[in-house]
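So the sequence shown is residues 1 to 176, counted in the working numbering. A quick write-up on the structure given underneath.
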Amino acid sequence: MAPLLGDRYLDRPPRPFRELVVSERLRSAGVFTPRVVAGLAVSARPGYRADLATEWLPGGESLESILAPEALSSDERTEAIEACGETVGEAHAAGLDHPDLNVSNLLLRREAGGAWSAALLDLDRARVGPPDRSAARRNLDRFERSLRKALRADRIRWTEKDREAFAEGYRRGRSG
């Protein structure tokens, strides 16, 4: 349908408003995601067009750029990947189902004290409900597919140590 619809959507309620609800629920649960500052949906037959504005997070880089070969030292890389795992774990503990979880939808930045923080992005198709292990597994499978795709395109490096760092952060996030 995407080639026929272009930048229009058919689903309801409109995506900007769904993203606002998901973002606020996650933020109230302590999960780092940019604050939605404005949303607009206008009728465009068929469907609607929508735009969303979120808070700017200065100094942020996608996980994909952090995973580029030689982007960070080994220790910095491990800390950054753990921060991503922790954020995803916290989100899943809060009941997030993020069907488009991928290496570009995690934004990393250094905080004032030097620690890494990771924010979840692109929540327009996401939902928050009771924690659901099968939804979490689907999200993590989607994340792994995005890793494999970036590996095949030779955009990133992902090692067993990286996988373990993500898993450790994820466990920490799930346990709260």
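Don't be surprised by glycine CBs; every beta carbon is placed ideally from N, CA and C. These numbers come from a predicted model, not from an experiment.
- A direct Cα-to-Cα measurement between G39 and G60 gives close to 22 Å.
- DSSP, read as helix, strand or coil, puts R155 in coil.
- Contact between the segment 53–73 and the segment 103–119 is established, with three or more Cβ pairs separated by less than 8 Å.
- Here G173 is buried: its Cβ has 16 or more other Cβ atoms, across all protein chains shown, within 10 Å.
- For R171, the enclosing alpha helix (DSSP H) stretches over residues E160 to S175.
- Straight-line measurement puts the Cα of S65 at about 15 Å from the Cα of E82.
- Separation of the CB atoms of L26 and V103 is rounded to 19 Å, and the pair is thereby denied contact status at 8 Å.
- Under the three-state reduction of DSSP output, S104 falls in the coil class, being neither helix nor strand.
- The criterion of a C-beta distance shorter than 9 Å is satisfied by L67 and R155.
- In this structure, DSSP gives E61 an extended state, which the three-state scheme calls strand.
- Taking the C-beta atoms as reference points, P69 is found no nearer than 9 Å to R148.
- Scanning its chain for C-beta atoms nearer than 8 Å, with the 5 sequence neighbours on each side dropped, one finds around E19 the residues V36, G39, L52, L123, D124 and A126, in chain order.
- When rounded, the separation of the alpha-carbon atoms in S74 and K161 is 10 Å.
- Per DSSP, the beta-bridge partners of A118 are L108.
- Rounded to whole angstroms, the separation of the alpha carbons of A119 and A44 is 32 Å.
- Partner residues in the beta bridge of V128, as assigned by DSSP, are L96.
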